[in-house]
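Per the UniProt record's numbering, residue 1 is the first one in the sequence shown, and the count goes up by one each step.
Below: the structure, in C-alpha coordinates.
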Amino acid sequence: MTNMGASQPSILEETERKPRLSDGPWKVVLWDDDFHTYEYVIEMLMDVCQMPWEKAFQHAVEVDTRKKTIVFFGELEHAEFVHERILNYGPDPRMGTSKGSMTATLEQ
1 MTNMGASQPS ILEETERKPR LSDGPWKVVL WDDDFHTYEY VIEMLMDVCQ
51 MPWEKAFQHA VEVDTRKKTI VFFGELEHAE FVHERILNYG PDPRMGTSKG
101 SMTATLEQ
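Okay, here's the thing in C-alpha coordinates:
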(Lines of atoms letter the chains of each structure in order from A and count residues from 1; the text may use other names and numbers.)
(Lines give C-alpha, C1' and ligand atoms only; values in the text may rest on other atoms or scores of the structure.)
Protein backbone atom coordinates (compact mmCIF):
# COMPACT_ATOMS: atom_id res chain seq x y z
CA MET A 1 0.00 0.00 0.00
CA THR A 2 1.32 3.41 -0.97
CA ASN A 3 1.28 6.46 1.19
CA MET A 4 -1.27 8.98 -0.10
CA GLY A 5 0.47 12.23 0.67
CA ALA A 6 -1.23 15.58 1.12
CA SER A 7 -0.43 16.53 -2.48
CA GLN A 8 -2.46 13.63 -3.91
CA PRO A 9 -6.26 13.94 -3.54
CA SER A 10 -8.27 10.90 -2.53
CA ILE A 11 -10.83 9.36 -4.87
CA LEU A 12 -13.59 10.74 -2.65
CA GLU A 13 -12.23 14.27 -2.97
CA GLU A 14 -11.98 13.92 -6.76
CA THR A 15 -15.58 12.69 -6.95
CA GLU A 16 -16.84 15.55 -4.80
CA ARG A 17 -15.18 18.17 -7.01
CA LYS A 18 -16.45 16.93 -10.37
CA PRO A 19 -20.19 17.37 -10.96
CA ARG A 20 -21.81 14.24 -12.33
CA LEU A 21 -24.31 14.45 -15.17
CA SER A 22 -26.96 12.90 -12.96
CA ASP A 23 -26.53 15.56 -10.30
CA GLY A 24 -29.51 17.84 -10.23
CA PRO A 25 -31.54 19.69 -10.29
CA TRP A 26 -31.78 20.25 -14.02
CA LYS A 27 -34.04 22.72 -15.76
CA VAL A 28 -35.68 22.88 -19.14
CA VAL A 29 -35.75 26.42 -20.49
CA LEU A 30 -38.22 27.35 -23.24
CA TRP A 31 -37.08 30.24 -25.47
CA ASP A 32 -39.21 32.85 -27.22
CA ASP A 33 -39.59 33.10 -30.98
CA ASP A 34 -41.97 34.65 -33.50
CA PHE A 35 -43.11 31.35 -35.04
CA HIS A 36 -45.47 29.97 -32.39
CA THR A 37 -48.75 31.30 -31.02
CA TYR A 38 -49.83 31.53 -27.41
CA GLU A 39 -52.30 28.73 -28.17
CA TYR A 40 -49.47 26.48 -29.37
CA VAL A 41 -47.36 27.17 -26.28
CA ILE A 42 -50.29 26.51 -23.95
CA GLU A 43 -51.34 23.30 -25.70
CA MET A 44 -47.75 22.03 -25.91
CA LEU A 45 -47.07 22.65 -22.21
CA MET A 46 -50.36 21.06 -21.19
CA ASP A 47 -49.47 17.98 -23.25
CA VAL A 48 -45.72 17.71 -22.63
CA CYS A 49 -45.54 18.90 -19.01
CA GLN A 50 -49.06 17.95 -17.91
CA MET A 51 -49.67 21.53 -16.78
CA PRO A 52 -53.12 22.91 -16.10
CA TRP A 53 -54.25 25.62 -18.55
CA GLU A 54 -53.64 28.47 -16.08
CA LYS A 55 -50.02 27.50 -15.43
CA ALA A 56 -49.32 26.92 -19.14
CA PHE A 57 -50.80 30.37 -19.88
CA GLN A 58 -48.50 31.95 -17.27
CA HIS A 59 -45.49 30.33 -18.97
CA ALA A 60 -46.71 31.56 -22.37
CA VAL A 61 -46.86 35.11 -21.04
CA GLU A 62 -43.44 34.78 -19.41
CA VAL A 63 -41.73 33.39 -22.51
CA ASP A 64 -43.26 36.22 -24.55
CA THR A 65 -42.33 39.03 -22.15
CA ARG A 66 -39.06 37.78 -20.65
CA LYS A 67 -37.96 35.81 -23.73
CA LYS A 68 -37.56 32.57 -21.76
CA THR A 69 -39.29 30.51 -19.10
CA ILE A 70 -38.30 27.50 -17.01
CA VAL A 71 -40.90 24.81 -17.68
CA PHE A 72 -39.29 21.97 -15.73
CA PHE A 73 -36.96 21.71 -12.75
CA GLY A 74 -35.83 18.30 -11.48
CA GLU A 75 -33.77 15.18 -12.07
CA LEU A 76 -31.81 14.67 -15.29
CA GLU A 77 -33.75 11.71 -16.68
CA HIS A 78 -37.11 13.49 -16.42
CA ALA A 79 -35.62 16.77 -17.68
CA GLU A 80 -34.22 14.99 -20.75
CA PHE A 81 -37.63 13.46 -21.40
CA VAL A 82 -39.40 16.84 -21.22
CA HIS A 83 -36.70 18.51 -23.32
CA GLU A 84 -36.92 15.87 -26.05
CA ARG A 85 -40.73 16.04 -26.19
CA ILE A 86 -40.63 19.83 -26.60
CA LEU A 87 -38.05 19.58 -29.40
CA ASN A 88 -40.14 16.94 -31.18
CA TYR A 89 -43.54 18.60 -30.74
CA GLY A 90 -43.58 19.99 -34.26
CA PRO A 91 -44.59 23.25 -35.91
CA ASP A 92 -47.53 25.45 -34.99
CA PRO A 93 -50.30 24.63 -37.49
CA ARG A 94 -51.77 28.12 -36.94
CA MET A 95 -48.73 29.83 -38.50
CA GLY A 96 -47.47 29.19 -42.02
CA THR A 97 -44.04 30.51 -41.01
CA SER A 98 -43.69 27.90 -38.24
CA LYS A 99 -41.32 25.24 -39.56
CA GLY A 100 -40.62 23.29 -36.38
CA SER A 101 -40.84 23.03 -32.64
CA MET A 102 -39.89 25.74 -30.19
CA THR A 103 -36.34 26.00 -28.93
CA ALA A 104 -35.65 24.58 -25.48
CA THR A 105 -32.41 24.00 -23.65
CA LEU A 106 -31.42 21.61 -20.89
CA GLU A 107 -29.40 23.38 -18.21
CA GLN A 108 -27.94 22.56 -14.83
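Cβ atoms here follow ideal geometry from the backbone N, Cα and C, with glycine treated the same way.
- A distance below 6 Å between beta-carbons, with the five flanking residues on each side excluded, links K27 to the following residues of its chain, in chain order: I70, F73 and E107.
- Ranking G24, D33 and M102 by CA distance to the CA of K67 puts D33 first.
- By the Cβ criterion, the stretch 52-61 is not in contact with the stretch 88-105, since fewer than three pairs of Cβ atoms, one from each stretch, lie closer than 8 Å.
- Its chain contains V28, A104 and L106 as the residues whose beta carbon lies nearer than 6 Å to that of H83, once the 5 sequence neighbours on both sides are disregarded; these appear in chain order.
- For the options F35, G24 and P25, the alpha carbon positioned closest to that of G90 is the one of F35.
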